[in-house]
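S.K.: Residue numbers (the working numbering): 2 to 559. For glycine and all other residues, C-beta sits at the position ideal for the given N, C-alpha and C. Here's a structure for you.
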Ligand SMILES: Nc1ncnc2c1ncn2[C@@H]1O[C@H](COP(=O)(O)OP(=O)(O)O)[C@@H](O)[C@H]1O
Ligand SMILES: O=C(CO)[C@H](O)[C@H](O)COP(=O)(O)O
């Protein structure tokens, strides 16, 4: 039991792709007192709508909004109970969310998919960040913006993504105009959940900036451009995207009485505006100044970096002033799949004998493959792979690209392929690091958090060797939730026992391990050569030298 009389606490809720977790955090030390995970009862909906036989098309990924409430209903009371902390000592709640994860709501804020009238229409559901079916809209959006010289486009590396708000909303309009019409607003799931907690509909500057092309001075893309896309989009920004955009670390309002009763927290407890999951990890690792690239490594990989100036960097997911830490331009880049690629290999491509051997040694397949793959030196497998099994986010921003392994022979072993796949993801990150540096934005050190640094040491060593940079690792079980709790402490403010700035919160609450991964000079040399091979393949297949990946994908869609 914690001495709650001297300490104050906040709850961070992290909404991931498969599950949500609540973490009760001591604001003095950042210690995670209790955590609880709720798996989403409806999982990722990518085959059929709940209660329906209707098959979803390729590249769709939906979620059920009630799953987000389930996390609040179950995980929040659970951490309060385990932590043994009285409600009055919990001064704030913060949430971080995957993004861009959006939903259409009616004028009461009720998701259209929860209304009988619309629940059978797939476009009424939450579109998860990895819903990639809006690529045609993203392509048209990019072409029009480039032709018109729209000022926002360079801030997003020259291309906006099919994962983001405008492409997704336009897909709704194209394919289900009745849903577009019925939607009073389109909201980020982060903002909808904050609305559920507070009854106040706000938008957070982080998702608005990175995922909805919102700019602190210019606002959303202008009506003329939107009209040129489709006349029905002309007033989108002032109608279905309306709502005050609030800076990170501010309070969206107090916890409403219904939610207080549901969770056991006090009504009026400060609720911070939402933040993107990966971005919450930045202060949680103590990164509040430039030169330190934070990598949230899990299913996918998000890279975040701070800089004093706004620079235009090829293929970046975005640069947003005050987007992560006030006073700095926050840059985001990413890889659509990292852990997901390793998962695909283990689930879909590993021979039965590997599973049997792992089982006979009492090991899971991943660590077994890691141990065997670690016996090879860089280059010894004769393989190079492209990490595009779920498309390329940075720097090509193209979800129609696909994976590739080159160098296979009749003697290639599964552990060699596993190693090549680990290496491919490190090469993908190296490409991002090089692109930042070429644009004059220094990357001195890497900071890793998420599930992968805890799970796979070989992967981390390969990342250090391929990038030739030291890697600091988070010392937190739930780094993004810790970040969300820090934003909650900031929203509550010093007078309530929190902090007056996220930088101050980071000083007291951020946690990294003492042990770091350091590059091994001999490996660095070998990887330099392999990376050149990766770059040749990257440019050949990714920059128009050969469009076979796109042709194959188009055939598959027929
Ligand atoms: N030992 C391992 N080595 C490499 N990848 C792993 C290992 N164990 C699990 N994974 C991958 O880690 C990913 C999950 O990462 P995690 O950070 O826990 O989740 P999330 O990204 O959903 O928050 C999955 O894609 C899984 O395939
Ligand atoms: O694009 C994002 C952030 O900008 C997504 O939130 C992120 O990629 C989801 O990742 P994960 O499931 O690995 O937490």
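Nearest by alpha-carbon distance to residue 29: which of 166, 90, 509, 15 is it?
M.R.: The candidate whose alpha carbon is nearest that of residue 29 is 509.
S.K.: With burial defined as no fewer than 16 other Cβ atoms inside 10 Å of the residue's Cβ, what is the status of residue 6: buried or exposed?
M.R.: Any reading at residue 6 must be qualified, since the residue scores a pLDDT of 49, below 50, and its modelled position is unreliable; the value itself is stated next. Looking at its Cβ environment, which holds fewer than 16 other Cβ atoms inside 10 Å, residue 6 is exposed.
S.K.: Please classify residue 85: is it buried, with 16 or more other beta-carbons within 10 angstroms of its beta-carbon, or exposed?
M.R.: By the neighbour-count rule (16 or more Cβ atoms within 10 Å), residue 85 is not buried but exposed.
S.K.: Cβ-heavy atom distance between residue 371 and ligand 1 below 7 Å?
M.R.: Yes, the Cβ of residue 371 comes within 7 Å of a heavy atom of ligand 1.
S.K.: Once you ignore the five residues that flank residue 329 on each side, which residues in its own chain have a CB closer than 6 Å to its CB?
M.R.: Answer for residue 329: 307, listed in chain order.
S.K.: Are there 16 or more other CB atoms within 10 angstroms of the CB of residue 541, so buried, or fewer, so exposed?
M.R.: Classification of residue 541: exposed, given that the 10 Å Cβ count is below 16.
S.K.: Identify which residue in 125, 226, 220, 82 has its Cα closest to the Cα of residue 149.
M.R.: Ranking 125, 226, 220, 82 by Cα distance to residue 149 puts 226 first.
S.K.: Using a threshold of 7 Å, is the CB atom of residue 344 nearer than that to any non-hydrogen atom of ligand 1?
M.R.: It does: the Cβ of residue 344 is within 7 Å (strictly closer) of some heavy atom of ligand 1.
S.K.: Tell me which residues share the same chain as residue 346 and place their Cβ nearer than 7 Å to its Cβ, disregarding the 5 neighbours each side in the sequence.
M.R.: Counting only Cβ-Cβ distances below 7 Å, and skipping sequence neighbours, we find 418, 419, 422.
S.K.: Excluding five sequence neighbours on each side, which residues of the same chain lie with their C-beta closer than 6 Å to the C-beta of residue 170?
M.R.: These residues qualify, in order along the chain: 187.
S.K.: Can you tell me whether DSSP reads residue 43 as helix, strand or coil?
M.R.: Correct three-state label for residue 43: coil.
S.K.: Go to residue 266, then tell me how far its beta strand (DSSP E) extends in each direction, as first and last residue.
M.R.: That residue, residue 266, is in no beta strand (DSSP E); it is neither H nor E in DSSP.
S.K.: Between the C-alpha atoms of residue 464 and residue 53, what's the straight-line distance to the nearest angstrom?
M.R.: Using only the alpha carbons, I get a separation of about 44 Å.
S.K.: Once you ignore the five residues that flank residue 379 on each side, which residues in its own chain have a CB closer than 6 Å to its CB?
M.R.: Cβ within range, chain order: 524, 527, 528.
S.K.: Take residue 138 and list the residues in its own chain whose beta-carbon comes closer than 6 Å to its own, dropping the five residues that flank it on each side.
M.R.: The answer, listed in chain order, is 168, 171, 172.
S.K.: Express the C-alpha separation of residue 487 and residue 203 in angstroms, rounding to a whole number.
M.R.: Using only the alpha carbons, I get a separation of about 19 Å.
S.K.: If you draw a straight line from the alpha carbon of residue 323 to that of residue 248, how long is it in whole angstroms?
M.R.: Straight-line Cα distance between these residues: approximately 8 Å.
S.K.: At which residues does the beta strand (DSSP E) containing residue 24 begin and terminate?
M.R.: From DSSP, the beta strand (DSSP E) with residue 24 extends over 20-27.
S.K.: So what does residue 368 bridge to, in DSSP terms?
M.R.: Partner(s): none; residue 368 has no beta bridge.
S.K.: Within 10 angstroms of its Cβ, does residue 317 collect 16 or more other Cβ (buried), or is it exposed?
M.R.: The residue is buried, with at least 16 neighbouring Cβ atoms inside 10 Å.
S.K.: Going by alpha carbons, who is nearest to residue 184 out of 230, 245, 110?
M.R.: Ranking the options by Cα distance to residue 184, first place goes to 110.
S.K.: Please work out which residues of its chain come closer than 8 Å, Cβ to Cβ, to residue 2, disregarding the five sequence neighbours upstream and downstream, and give them in chain order.
M.R.: Confidence at residue 2 is low in this model, with a pLDDT of 41, below 50, so the placement of that residue should be treated as unreliable; the coordinate-derived value is given next. Here the set comprises 85.
S.K.: Looking at ligand 2, does it come within less than 7 Å of residue 303, judged from the CB to the closest heavy atom?
M.R.: The answer is yes for residue 303.
S.K.: Helix, strand or coil for residue 149? Go by DSSP, reduced to three states.
M.R.: Residue 149: helix per DSSP, three-state reduction.
S.K.: If you draw a straight line from the alpha carbon of residue 472 to that of residue 447, how long is it in whole angstroms?
M.R.: So the alpha carbons of these two residues sit roughly 5 Å apart.
S.K.: Taking only runs of the beta strand (DSSP E) that begin and end inside the region 293-317, which ones reach a length of at least 3 residues, in chain order?
M.R.: DSSP runs (the beta strand (DSSP E)) wholly in the region 293-317: 293-298, 302-308.
S.K.: How many angstroms separate the CA atom of residue 4 from the CA atom of residue 262?
M.R.: Any answer about residue 4 is weak, because its pLDDT of 41 lies below 50 and its placement is not dependable; what the coordinates show is given next. In a straight line, the C-alpha of residue 4 is about 24 Å away from that of residue 262.
S.K.: Who pairs with residue 133 in a beta bridge, going by DSSP?
M.R.: In the DSSP output, where bridge partners are listed per residue, residue 133 has none listed.
S.K.: Whose CA, out of 156, 415, 143, 290, lies closest to the CA of residue 353?
M.R.: Comparing Cα-Cα distances from residue 353 to each of 156, 415, 143, 290, the minimum goes to 415.
S.K.: I'd like the list of long-range same chain contacts for residue 480, defined as Cβ closer than 6 Å, with 5 residues on each side in sequence excluded.
M.R.: Cβ neighbours of residue 480 beyond the five flanking positions: 282, 285, 450.
S.K.: What does the Cβ neighbour count give for residue 412, buried or exposed, with the cut at 16 atoms within 10 Å?
M.R.: That one is exposed.
S.K.: Name the DSSP bridge partner or partners of residue 517?
M.R.: DSSP, once it has assigned bridges, lists 473 as partnering residue 517.
S.K.: When you compare the CB positions of residue 90 and residue 10, do they come within less than 8 Å of one another, or not?
M.R.: Cβ distance < 8 Å, so residue 90 and residue 10 count as in contact.
S.K.: Which of the three DSSP states, helix, strand or coil, is assigned to residue 409?
M.R.: Coil.
S.K.: Should the region 423-439 be regarded as contacting the region 293-303, the criterion being three or more beta carbon pairs within less than 8 Å?
M.R.: In short, these stretches touch, since the Cβ pair count reaches three.
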